[in-house]
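Enquirer: Going by the working numbering, the letters in the sequence shown line up with residues 2 to 862, in that order.
Just so you know, even glycine gets a beta-carbon here, dropped at the ideal spot from N, CA and C.
Input: one structure, supplied below.
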Amino acid sequence: MRSFLVLAAAGLLALSLGDCANGQSLGNAGTLQGTIKDPSGAAISGAIVTILNRVSNYRQSGITDADGAFRLTNIPPNPYHLTVRAPNFASDERDVDVRGAVPVELNVSLALQGTTTTVNVEAEHLDLLENVPYAHNDVDTKTLSQLPTTSPGSGLSDAIMLSSGAVAADSNGFFHPLGDHAQTSFSIDGQPIGDQQSKSFSTQIPLNAIQSMELITGAPAAEFGDKTSLVLNAVTKSGLGQKPTGSLLGEWGSFGTYAEEATLSLGGPKAGNFLAANALRSGRFLDTPEFTPIHAIGNNGTIFDRFDYQPNGRDAIHLNLFWARNWFQIPNTYDQPNQDQRQKISTFNFAPGYQHTFGAKAVLTVNPFYRADRVNYYPSRDAFSDTPATIGQRRDLTNWGVKADVSYASGRHNVKAGTQLMQTRLNERFTFGITDPFFNPVCVDASGDPQTLPSISNPDDCAPAGFSANPDLLPGLPPYDLTRGGQPFQFSGSANVNQYAFYIQDSIRLGNLSIQAGLRWDSYHGIVTDSSAQPRIGASYMFKPTGTVIRAAYSRTFETPYNENLVLSSATGMGGLASNAFGAASTPLPAGNRNQYNAGIEQAIGRYLIASADYFWKYTNNAYDFGTLFDTPIAFPISWKKSKLDGVAVRIGTPNIRGFQWFTTMGHTRARFFGPETGGLVFNNDVGGDGVFRIDHDQAFQQTTNLRYQRGTHGPWVAFTWRYDSGLVAGAVGGLEDALALSGAQQSAIGFYCGDQRPTIGSPLTDAVCTTANFGATRLVIPKEGTGNDDHNPPRVASRHLFDIGVGTDNLFQTERYRTTLRFTATNLTNKVALYNFLSTFSGTHFVAPRAYQFALGFVF
Numbered sequence: 002m003r004s005f006l007v008l009a010a011a012g013l014l015a016l017s018l019g020d021c022a023n024g025q026s027l028g029n030a031g032t033l034q035g036t037i038k039d040p041s042g043a044a045i046s047g048a049i050v051t052i053l054n055r056v057s058n059y060r061q062s063g064i065t066d067a068d069g070a071f072r073l074t075n076i077p078p079n080p081y082h083l084t085v086r087a088p089n090f091a092s093d094e095r096d097v098d099v100r101g102a103v104p105v106e107l108n109v110s111l112a113l114q115g116t117t118t119t120v121n122v123e124a125e126h127l128d129l130l131e132n133v134p135y136a137h138n139d140v141d142t143k144t145l146s147q148l149p150t151t152s153p154g155s156g157l158s159d160a161i162m163l164s165s166g167a168v169a170a171d172s173n174g175f176f177h178p179l180g181d182h183a184q185t186s187f188s189i190d191g192q193p194i195g196d197q198q199s200k201s202f203s204t205q206i207p208l209n210a211i212q213s214m215e216l217i218t219g220a221p222a223a224e225f226g227d228k229t230s231l232v233l234n235a236v237t238k239s240g241l242g243q244k245p246t247g248s249l250l251g252e253w254g255s256f257g258t259y260a261e262e263a264t265l266s267l268g269g270p271k272a273g274n275f276l277a278a279n280a281l282r283s284g285r286f287l288d289t290p291e292f293t294p295i296h297a298i299g300n301n302g303t304i305f306d307r308f309d310y311q312p313n314g315r316d317a318i319h320l321n322l323f324w325a326r327n328w329f330q331i332p333n334t335y336d337q338p339n340q341d342q343r344q345k346i347s348t349f350n351f352a353p354g355y356q357h358t359f360g361a362k363a364v365l366t367v368n369p370f371y372r373a374d375r376v377n378y379y380p381s382r383d384a385f386s387d388t389p390a391t392i393g394q395r396r397d398l399t400n401w402g403v404k405a406d407v408s409y410a411s412g413r414h415n416v417k418a419g420t421q422l423m424q425t426r427l428n429e430r431f432t433f434g435i436t437d438p439f440f441n442p443v444c445v446d447a448s449g450d451p452q453t454l455p456s457i458s459n460p461d462d463c464a465p466a467g468f469s470a471n472p473d474l475l476p477g478l479p480p481y482d483l484t485r486g487g488q489p490f491q492f493s494g495s496a497n498v499n500q501y502a503f504y505i506q507d508s509i510r511l512g513n514l515s516i517q518a519g520l521r522w523d524s525y526h527g528i529v530t531d532s533s534a535q536p537r538i539g540a541s542y543m544f545k546p547t548g549t550v551i552r553a554a555y556s557r558t559f560e561t562p563y564n565e566n567l568v569l570s571s572a573t574g575m576g577g578l579a580s581n582a583f584g585a586a587s588t589p590l591p592a593g594n595r596n597q598y599n600a601g602i603e604q605a606i607g608r609y610l611i612a613s614a615d616y617f618w619k620y621t622n623n624a625y626d627f628g629t630l631f632d633t634p635i636a637f638p639i640s641w642k643k644s645k646l647d648g649v650a651v652r653i654g655t656p657n658i659r660g661f662q663w664f665t666t667m668g669h670t671r672a673r674f675f676g677p678e679t680g681g682l683v684f685n686n687d688v689g690g691d692g693v694f695r696i697d698h699d700q701a702f703q704q705t706t707n708l709r710y711q712r713g714t715h716g717p718w719v720a721f722t723w724r725y726d727s728g729l730v731a732g733a734v735g736g737l738e739d740a741l742a743l744s745g746a747q748q749s750a751i752g753f754y755c756g757d758q759r760p761t762i763g764s765p766l767t768d769a770v771c772t773t774a775n776f777g778a779t780r781l782v783i784p785k786e787g788t789g790n791d792d793h794n795p796p797r798v799a800s801r802h803l804f805d806i807g808v809g810t811d812n813l814f815q816t817e818r819y820r821t822t823l824r825f826t827a828t829n830l831t832n833k834v835a836l837y838n839f840l841s842t843f844s845g846t847h848f849v850a851p852r853a854y855q856f857a858l859g860f861v862f
């Protein structure tokens, strides 16, 4: 496999450099080109050609040359309203549909001024509809720049969460798309990335490098594999055709947060370069396990560069370069006063590409890529300052390969066939040792209280010492208990994961009927070996008189394990390290298969309102999640026997109406998982055994409302965001007994009370004041005694309302060439004290960020 990939990548690079021509747009972005002529057939130079999508507000303009030719590139796949204007000629308006890499040819003849304007468009309300078989949202760069991103180093995650229904927010830039944990694939200018992009695992491309993104949440096309609950199809900014333009931005905010951002674009019709450089420092880099940040400083730096070379109209070469680093302290709780754990992550990404156009109907696209993540986790200098365990890690993940396909568009058909060949190299080193004698006590007294007993590590020795064996002992951990003479657990392992995929898909238009059909075949050779054929079919139909689109789809997908810490997690067996003597019951995480069904409706209501709703149902054999180690960002992939997920995603909103725009997304997700569990190390609470339970992705309802008004194109603006979450499942506190076992700091975190009694950080409440009739919590919903059920009535995080507001201007001094921008943002305006999760096996404990202010001053040239 290695030799094959080397030869394939080398050959494709040689082809791109040797043939040195220009394809059109990267990834799934499109190209619109043609000529503008007068009634006699003579070319019109200087005509302005503009396309606009009314829903996403994406707009691009170009000017015809001396031959009357124009070309608009890097266009996100969408329907557009096109307008052509030229002095002394009547304007021409029409609808165009851009769907893939094959250029759309458009030749327009303008009538002389004084005649009727040529209008070849559908009814205006149909501009709001998109007749495709899959649910998705489109987000443009201007919307991205003014979203209230609240998680330093995770602006992309915030933008995804705020823009999509049925995507539940979690801590540290995580989100749960359609009931899955981080099951997201990224396509950046055609480069496939299936590994985690959260700042806890890796680094993210900055928002100011993205021109637009399509968020696909239903019926993934056959070209997308690995993680398909949500597919982010992003198009980055280009310097082609740009006079030297750029921006400088400085930000200052709460928690000692400051940032600098800079962009620069320049280029002509044949070559161009775009550069984005960003740096950030914050005193609350990760979400913290206490409302007040303790030991939470971090910084982030990114450099993104995109170079394009298009010497003619048939070929193109591009190169994306990305370097980034996250360095941060691991936030402490009040129970960890001296802990000083830290993590550093560095990422390097190299993605050249080549595209060649064959005539007017076919395009070849070749995207080699190389991406490397280096993760270092540092324990405290004194191992016993770490509690409940000291942890160290060095993890390398290198992903490289090539994706190549041919697109062919003719008549009703838009066909794409291709392959994806890649290898992921994993290298893992890990150390772990228990430092708290009460974390996993071997013996308990007659009252069930834990005993230190540093000389006893075998439960058989408890009785001779006058005590009883701990019935809740985690049998796999005593050998690594440093308080009882154990030695640190040490692991070093590596593996290569080789993946081959071949796919073919066709988008077919039959009048008002749109059909998407495809077949994908994946072969996976890692710690386990498996393969799968995946048919995918979907259809949508537009009822033009009523402005309605209905759609339905079936998808078979091949689910692969998460790569992060996969080698170690595949060696710990059923129940993880805590349940097994290491190596005695090694069970590699298997690959999985999913059947997914989607059905939806989209409705235009007049000219200014559009609503869509989509139902999804997913059944998975060998379902995946992460097992988080305590409150650290270290997590291990785990698998479950199966999962059943279903829910609804809703979006209602308006196009831009004289500067005003509104949208609301809503979602409901039911996430049921079935044991047993395989893999992982130590779990923060019971993970369900062999039965069915609701995992922490399950949330009854969430909604995001965004209101925005801007005067003119660059004038003053105001934006308001309201986010409501009904609360994810939090399985650690199922009743009074669980609450009484918490420390004072943990009881305070959940807002525990018994009658009018409240705990303090150092003094937990006990059964002396607590009864089953007088206890409760303000930040958790704990089932009443005797009513708890892992499936039908699990404990949950309490609901929360979060409000953000922003005001600013994109042209403070109303100048023409150079603009000064100003922005003020307040997030969590009411300073709501709320949890994302609590002692979650899958996420740890994290508070929502307190109220924060941000001031930004920028200069655009």
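In whole angstroms, what separates the C-alpha of Pro455 from that of Phe490?
Expert: Those two C-alpha atoms are separated by around 18 Å.
Enquirer: Can you check the region 503 to 588 for any beta strand (DSSP E) of at least 3 residues that lies completely inside it and give the ranges in chain order?
Expert: Counting whole runs of 3 or more residues, the region 503 to 588 contains the beta strand (DSSP E) stretches 514 to 526, 530 to 544 and 549 to 560.
Enquirer: Quick check: what's the CA-CA separation for Arg724 versus Ala167?
Expert: Straight-line Cα distance between these residues: approximately 13 Å.
Enquirer: Could you say which of Asp768, Leu737 and Ile806 lies nearest to Glu786 if we only look at CA atoms?
Expert: Ranking Asp768, Leu737 and Ile806 by Cα distance to Glu786 puts Leu737 first.
Enquirer: Distance check for Ile45 and Val140, CA to CA, integer angstroms please.
Expert: When rounded, the distance between both Cα atoms is 34 Å.
Enquirer: Work out the CA separation of Tyr371 and Glu1 for me, nearest whole Å.
Expert: The question about residue 1 has no answer here: the residues shown for the chain are numbered 2 through 862.
Enquirer: What does the Cβ neighbour count give for Pro221, buried or exposed, with the cut at 16 atoms within 10 Å?
Expert: Label assigned to Pro221: buried.
Enquirer: Kindly indicate which residue of Arg852, Phe848, Ser556 and Gln394 has the alpha-carbon position closest to the one of Leu630.
Expert: It is Gln394.
Enquirer: Pull the bridge partners of His177 from the DSSP assignment, please.
Expert: Per DSSP, Ala169.
Enquirer: Counting only runs that start and end within the region 158 to 245, where is the beta strand (DSSP E) found for 3 or more residues in a row?
Expert: 168 to 170, 176 to 178, 185 to 189, 192 to 194, 211 to 217 and 231 to 237, all fully within the region 158 to 245.
Enquirer: Which residue's Cα is closest to the Cα of Gly809: Arg712, Pro795 and Asn832?
Expert: Considering only alpha carbons, the answer is Arg712.
Enquirer: Since Gly745 is in the alpha helix (DSSP H), which residue starts that stretch and which ends it?
Expert: Taken as a continuous stretch (DSSP letters only), the alpha helix (DSSP H) holding Gly745 covers Gly745 to Ala750.
Enquirer: For the putative contact between Phe702 and Phe674, defined by C-beta atoms under 8 Å, what is the C-beta separation to the nearest angstrom?
Expert: That belief does not hold up - the Cβ atoms of Phe702 and Phe674 are roughly 20 Å apart, past 8 Å.
Enquirer: Could you tell me if Phe627 is buried or exposed, where buried requires 16 or more neighbouring beta carbons within 10 angstroms of its beta carbon?
Expert: By the 10 Å Cβ count, Phe627 comes out buried.
Enquirer: Give the DSSP bridge partners of Lys619, in chain order.
Expert: Lys619 pairs with Gln597 and Leu646.
Enquirer: Starting from Ala740, trace the alpha helix (DSSP H) in both directions and tell me its first and last residue.
Expert: That run of the alpha helix (DSSP H) goes Leu737 to Leu741.
Enquirer: DSSP three-state call for Phe385: helix, strand or coil?
Expert: Phe385: helix per DSSP, three-state reduction.
Enquirer: Does the beta-carbon of Lys244 have 16 or more other beta-carbons within 10 angstroms, so that it is buried, or is it exposed?
Expert: Exposed, because fewer than 16 other Cβ atoms sit within 10 Å of the Cβ of Lys244.
Enquirer: Please report the distance separating the alpha-carbon of Ala280 from that of Thr142.
Expert: Computed Cα separation, rounded: 20 Å.
Enquirer: Taking Cβ to Cβ, would you say Asp437 is nearer than 7 Å to Pro389?
Expert: Contact: yes.
Enquirer: How should Gly845 be labelled, buried or exposed, when 16 other C-beta atoms within 10 angstroms of its C-beta is the threshold for buried?
Expert: It counts as buried.
Enquirer: Alpha carbons only, please: which of Ala464, Ile435, Asp450 and Ala447 is nearest the one belonging to Gly477?
Expert: Among Ala464, Ile435, Asp450 and Ala447, the Cα nearest to that of Gly477 is on Ile435.
Enquirer: Could you tell me which residues DSSP puts in a beta bridge with Asn300?
Expert: Arg282 and Trp328.
Enquirer: Only counting the same chain, and skipping five residues up and downstream in sequence, which positions put a Cβ closer than 7 Å to that of Ser92?
Expert: Once the five neighbours on either side are set aside, the close Cβ partners of Ser92 are Thr84, Val85, Arg86 and Thr118.
Enquirer: Measure the C-alpha to C-alpha separation of Trp401 and Gly302 and round it to an integer number of angstroms.
Expert: If I take the Cα positions, the gap works out to 23 Å.
Enquirer: In terms of residues, what are the limits of the alpha helix (DSSP H) holding Thr144?
Expert: Note, Thr144: alpha helix (DSSP H), Thr142 to Ser146.
Enquirer: Output the boundary residues of the beta strand (DSSP E) element that contains Phe664.
Expert: Element bounds for Phe664: Phe661 to Thr679.
Enquirer: Compute the Euclidean distance between the alpha carbons of Cys463 and Pro451, then round it to the nearest angstrom.
Expert: Each residue's alpha carbon lies about 12 Å from the other.
Enquirer: Whole angstroms are fine: how far does the CA of Asp227 sit from the CA of Pro677?
Expert: Approximately 23 Å between the Cα atoms of the pair.
Enquirer: Are three or more beta carbon pairs between the region 360 to 379 and the region 336 to 351 nearer than 8 Å?
Expert: The answer is yes - the region 336 to 351 touches the region 360 to 379, with three or more Cβ pairs under 8 Å.
Enquirer: Does the region 799 to 818 come within contact of the region 717 to 735, defined as at least 3 CB pairs closer than 8 Å?
Expert: With a cut-off of 8 Å, the region 717 to 735 and the region 799 to 818 count as touching, because enough Cβ pairs lie within range.
Enquirer: Taking the alpha carbon of Tyr625 as the point to measure from, which residue in Ser172, Ser152, Gly180 and Thr51 has its own alpha carbon closest?
Expert: Checked all of Ser172, Ser152, Gly180 and Thr51; the closest Cα to Tyr625 is Gly180.
Enquirer: I'd like the list of long-range same chain contacts for Asp68, defined as Cβ closer than 6 Å, with 5 residues on each side in sequence excluded.
Expert: Within the same chain, Asp68 has close Cβ partners Ala44.
Enquirer: Specify the secondary structure class of Asp128 as computed by DSSP and reduced to three states.
Expert: Helix at Asp128.
Enquirer: Answer yes or no: does any C-beta atom of chain B fall closer than 7 Å to that of Gln198?
Expert: This model lacks chain B altogether, as it is built from one protein chain only.
Enquirer: Leaving aside the five residues before and after Gln758 along the sequence, list all residues of the same chain whose C-beta is less than 7 Å from its C-beta, in chain order.
Expert: Here the set comprises Leu766 and Val770.
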